[in-house]
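Heads up: the structure comes next, in structure tokens.
2 protein chains.
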Amino acid sequence: MSSTQPLPIALDAMGGDHAPAVTVAGALAAARAGIPVLLVGNEVRLHAELGSQAAGLPIEVVPAADVIRMDEHASDVRRRPEASVNVAVRLVKEGRAAAAVSMGHSGATMAAALLGLGRLPGVDRPAILTMAPSQKGSIALLDVGANADVRPQYLQQWAVLATYYLRAVRGVSDPSVGLLSIGEEEGKGNALVLEAYALLKNTPGIRFHGNVEGRDIFRGTTDIVVTDGFTGNVVLKTAEGEAKVLFGWIKEALSSSPLAKIGALLVRPALRGVAAKLDPSEHGASVLLGVKGLAFIGHGSADARAVEMAVRRAAEARDSGLIERLQEFRLD
Amino acid sequence: MSSTQPLPIALDAMGGDHAPAVTVAGALAAARAGIPVLLVGNEVRLHAELGSQAAGLPIEVVPAADVIRMDEHASDVRRRPEASVNVAVRLVKEGRAAAAVSMGHSGATMAAALLGLGRLPGVDRPAILTMAPSQKGSIALLDVGANADVRPQYLQQWAVLATYYLRAVRGVSDPSVGLLSIGEEEGKGNALVLEAYALLKNTPGIRFHGNVEGRDIFRGTTDIVVTDGFTGNVVLKTAEGEAKVLFGWIKEALSSSPLAKIGALLVRPALRGVAAKLDPSEHGASVLLGVKGLAFIGHGSADARAVEMAVRRAAEARDSGLIERLQEFRLD
Numbered sequence: 001m002s003s004t005q006p007l008p009i010a011l012d013a014m015g016g017d018h019a020p021a022v023t024v025a026g027a028l029a030a031a032r033a034g035i036p037v038l039l040v041g042n043e044v045r046l047h048a049e050l051g052s053q054a055a056g057l058p059i060e061v062v063p064a065a066d067v068i069r070m071d072e073h074a075s076d077v078r079r080r081p082e083a084s085v086n087v088a089v090r091l092v093k094e095g096r097a098a099a100a101v102s103m104g105h106s107g108a109t110m111a112a113a114l115l116g117l118g119r120l121p122g123v124d125r126p127a128i129l130t131m132a133p134s135q136k137g138s139i140a141l142l143d144v145g146a147n148a149d150v151r152p153q154y155l156q157q158w159a160v161l162a163t164y165y166l167r168a169v170r171g172v173s174d175p176s177v178g179l180l181s182i183g184e185e186e187g188k189g190n191a192l193v194l195e196a197y198a199l200l201k202n203t204p205g206i207r208f209h210g211n212v213e214g215r216d217i218f219r220g221t222t223d224i225v226v227t228d229g230f231t232g233n234v235v236l237k238t239a240e241g242e243a244k245v246l247f248g249w250i251k252e253a254l255s256s257s258p259l260a261k262i263g264a265l266l267v268r269p270a271l272r273g274v275a276a277k278l279d280p281s282e283h284g285a286s287v288l289l290g291v292k293g294l295a296f297i298g299h300g301s302a303d304a305r306a307v308e309m310a311v312r313r314a315a316e317a318r319d320s321g322l323i324e325r326l327q328e329f330r331l332d
Numbered sequence: 001m002s003s004t005q006p007l008p009i010a011l012d013a014m015g016g017d018h019a020p021a022v023t024v025a026g027a028l029a030a031a032r033a034g035i036p037v038l039l040v041g042n043e044v045r046l047h048a049e050l051g052s053q054a055a056g057l058p059i060e061v062v063p064a065a066d067v068i069r070m071d072e073h074a075s076d077v078r079r080r081p082e083a084s085v086n087v088a089v090r091l092v093k094e095g096r097a098a099a100a101v102s103m104g105h106s107g108a109t110m111a112a113a114l115l116g117l118g119r120l121p122g123v124d125r126p127a128i129l130t131m132a133p134s135q136k137g138s139i140a141l142l143d144v145g146a147n148a149d150v151r152p153q154y155l156q157q158w159a160v161l162a163t164y165y166l167r168a169v170r171g172v173s174d175p176s177v178g179l180l181s182i183g184e185e186e187g188k189g190n191a192l193v194l195e196a197y198a199l200l201k202n203t204p205g206i207r208f209h210g211n212v213e214g215r216d217i218f219r220g221t222t223d224i225v226v227t228d229g230f231t232g233n234v235v236l237k238t239a240e241g242e243a244k245v246l247f248g249w250i251k252e253a254l255s256s257s258p259l260a261k262i263g264a265l266l267v268r269p270a271l272r273g274v275a276a277k278l279d280p281s282e283h284g285a286s287v288l289l290g291v292k293g294l295a296f297i298g299h300g301s302a303d304a305r306a307v308e309m310a311v312r313r314a315a316e317a318r319d320s321g322l323i324e325r326l327q328e329f330r331l332d
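From first to last, the protein sequence lines stand for chains A and B. Numbering-wise (the numbering used here), the first sequence opens with residue 1 and increments by one. Numbering-wise (the numbering used here), the second sequence opens with residue 1 and increments by one.
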């Protein structure tokens, strides 16, 4: 790779339910689009999977002897430095990669990034931010699972981090922040929300909209929705589950009668567009905000398309200068 | 009304965004189906709305001089005994009605029922149980908003109450209980869930399945999903919002091209069936569990169909003997 080329993305090629087949396929697709990728994992398996497909592409294999499987403990990260996710994070730490991406054990990825990169000054706990579909395009939802029990000031810090993220990476100049609650008025919510509201109201550098409700997520009332990692994770999985069940019902309905079957042929292309809007693989991966470096966490069930999109998102974040801008992150 | 007739349902006819037009229309429909209804509210307005339609039907007007509007405080219930919701609850307390139903201020309805009827022995806080659609029919979700901050033992009490409810009212002989969390394994979740898990595991009289995740709600993995009122409310509103946005997208897609429009004519009847599955008015209202009597809380936006269904649900609960069975409710 020439020295003028952008820094590569380190992909934990052993992470996820369908690794390394889909991670390699996704990396190849990203590399064809000009994004250099470091494939981290078992050398023999990765070279076998790559075959001759990598010829002329900006792909390199970086060996990692170990892998943390989905059913193992996130805390294993500490005592298994050669695990692929740890090696990927180390490449970022050492300045050899711009971002680490993993479709593997999400708790392990988070732990590896936190231990390997460290927290940004002023951040108590990193949070996972995911882009979710909405009527207005997409919204940023955080935390979606990194922190089950939180303090009000975490929510405040996350609101600021997400504001930086949307500004830098997605070009939203003045993103609005909603606090997820069970009523729009100030004073509605649980104890955590009431305290967080008071903090957010007086936080410089963010545009605080006030409380939002569950229905505002899909409506896209605000650009950012901030919540604790328990509620965020439940919301995300409920929404994914609902979409799946709904499309199952629609599929059934479209083959429920001879007439419906004929109609289905005519409407299917249009309905595919709706399904695509809800397809999590389009967003590729969630970002871990609050660590000193870029780390992306994908679905274990990711397909090659999701891996490719995750690598693309990582490259966009690299090019946005997010990490440089976060150097000035302050909460006083 | 003859003495052999079942006890009537007391309907807060002034409650809801479209009262009394839709409450009267809903009451008439229920009465035509043989359910006696007490219409509680402004006598003049209710008689005007009824006109001659109530002739021969088991409908009576019970005067109530006051009404607690949507934008007023739930605590107003205490100092406004003549508010329609208070009068409806009093009819239950006095044995003149089997259940109180309101589409009005849900906090006020809850407060009125709690103050007017009192808690069942062994219940710290009543919870709102709603039936939500699922792949297997429907699931019972509670609490969906009565208690934003809870203790583990509340979740335990609600699991038992919901088990009684599904057995008595919906004929589910041995309902399974899931604890909403962010991972299936014991040990996943926030501090509340970890403590509640330990209690639920050792609760006699319920079938505890363990943790369930957001995606299990629409899947219908368990018959009951128990959670705090903050999470439950957010989940419910997210799901409603998602369904609305999704159907909006589908509608758009079906008119996006001439071919799609033709196809739409053929598939519309089938898709209407899917929409009906998600229609909250089919379930009519949520039930407040844990008070000494039957109280149902509907959507402020309820239409006549939703009011009718709410009255029907109340009559079903009356006939199920739920309240009698709850006399034996114990948690030792």
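Ideal Cβ placement from N, Cα and C applies to all residues, glycine included.
Item                                                                                                                                                                                : Value
What number of angstroms, rounded off, separates the C-alpha of A275/B from the C-alpha of V226/B?                                                                                  : 26 Å
Quick one: does V177/B have its CB under 8 Å from some CB of chain A?                                                                                                               : no
Examine the Cβ distances between the stretch 79-99 of chain A and the stretch 60-69 of chain A and report whether three or more of them are shorter than 8 Å.                       : yes
For S102/A and chain B, any beta-carbon pair shorter than 8 Å?                                                                                                                      : no
Taking 8 Å as the CB-CB cut-off, is I202/B touching chain A?                                                                                                                        : First, the amino acid is wrong: residue 202/B is Asn here, not Ile. No, N202/B does not count as interfacial toward chain A.
Is there at least one Cβ from chain A nearer than 8 Å to L141/B's Cβ?                                                                                                               : no
Which residues in the same chain have their Cβ closer than 7 Å to the Cβ of G321/B, if we skip the five residues on either side of it in sequence?                                  : A168
Taking only the alpha-carbon atoms, compute the straight-line gap between L249/B and L331/B and give it to the nearest angstrom.                                                    : Residue 249/B is actually Trp in this sequence, not Leu. The straight-line gap from Cα to Cα measures roughly 47 Å.
I'd like to know if E324/B contacts chain A, where contact means its C-beta is closer than 8 Å to some C-beta of that chain.                                                        : no
So which residues of chain A does S256/B contact, with C-beta pairs closer than 7 Å?                                                                                                : A270
According to the neighbour-count rule (16 or more other Cβ atoms, all chains shown, within 10 Å of its Cβ), is H209/A buried or exposed?                                            : buried
Does the stretch 150-165 of chain B touch the stretch 191-199 of chain A, meaning 3 or more C-beta pairs lie closer than 8 Å?                                                       : no
Among I262/B, M309/B and L246/B, which one has its Cα closest to the Cα of I9/B?                                                                                                    : M309/B
If we call anything under 8 Å between Cβ atoms a contact, is I59/B one with L39/B?                                                                                                  : yes
Would L114/B pass as an interface residue toward chain A - the criterion being a Cβ-Cβ separation below 8 Å?                                                                        : no
Output, in chain order, the set of chain B residues within a Cβ distance shorter than 8 Å of R215/A.                                                                                : K237, T238, E240, G241 and K244
Hey, out of G189/A, E185/A and N211/A, whose CA is closest to S176/A's CA?                                                                                                          : N211/A
Hey, how far is the Cα of S2/A from the Cα of R32/A?                                                                                                                                : Only weak support is given to the placement of S2/A: the predicted model assigns it a pLDDT of 44, under 50, and the value that follows is read from those uncertain coordinates. Whole-angstrom Cα-Cα distance: 16 Å.
Could you name the residues of the same chain whose beta carbon sits closer than 7 Å to that of P20/B, not counting the 5 residues immediately before and after it, in chain order? : A13, M14, G41, R45, L46 and E49
DSSP three-state call for H209/A: helix, strand or coil?                                                                                                                            : strand
Classify R313/A: buried if its beta carbon has 16 or more other beta carbons within 10 angstroms, exposed otherwise.                                                                : buried
Whole angstroms are fine: how far does the CA of D76/A sit from the CA of T109/B?                                                                                                   : 51 Å
Just to make sure I have the definition right: I need the residues of chain B whose C-beta is within less than 7 Å of the C-beta of N190/A. Which are they?                         : A148, D149 and F230
Would you kindly check if the distance between the Cβ of S301/A and the Cβ of V144/A is under 8 Å?                                                                                  : no
From the DSSP output, in three-state form, read off S286/A for me.                                                                                                                  : strand
Do you know how far the Cα of R219/B is from the Cα of S138/B?                                                                                                                      : 9 Å
Can at least three beta-carbon pairs, one atom from the stretch 232-247 of chain B and one from the stretch 240-249 of chain A, be found at a separation below 8 Å?                 : yes
Measuring CA to CA, which of K251/A, A159/A, V172/A and T221/A is closest to N202/A?                                                                                                : A159/A
Counting C-beta neighbours from all protein chains within 10 Å, is the total for I262/B 16 or more, i.e. buried, or is it exposed?                                                  : exposed
Is the shortest distance between the beta-carbon of V92/B and the beta-carbons of chain A less than 8 Å?                                                                            : no
Measuring only between beta-carbons, confirm whether I250/A sits less than 8 Å from chain B.                                                                                        : yes
Identify the contact partners of Q327/A in chain B, using a Cβ-Cβ distance below 8 Å as the criterion.                                                                              : Going along chain B, no residue has its Cβ under 8 Å from Q327/A, so there is no contact; the nearest lies around 32 Å.
Looking at K93/B: is its Cβ nearer than 8 Å to the Cβ of G122/B?                                                                                                                    : no
Just to confirm, are A111/B and A74/B a CB contact at a threshold of 8 Å?                                                                                                           : yes
For the candidate residues G16/A, F329/A, A55/A and L7/A, whose alpha-carbon lies nearest to that of L28/A?                                                                         : A55/A
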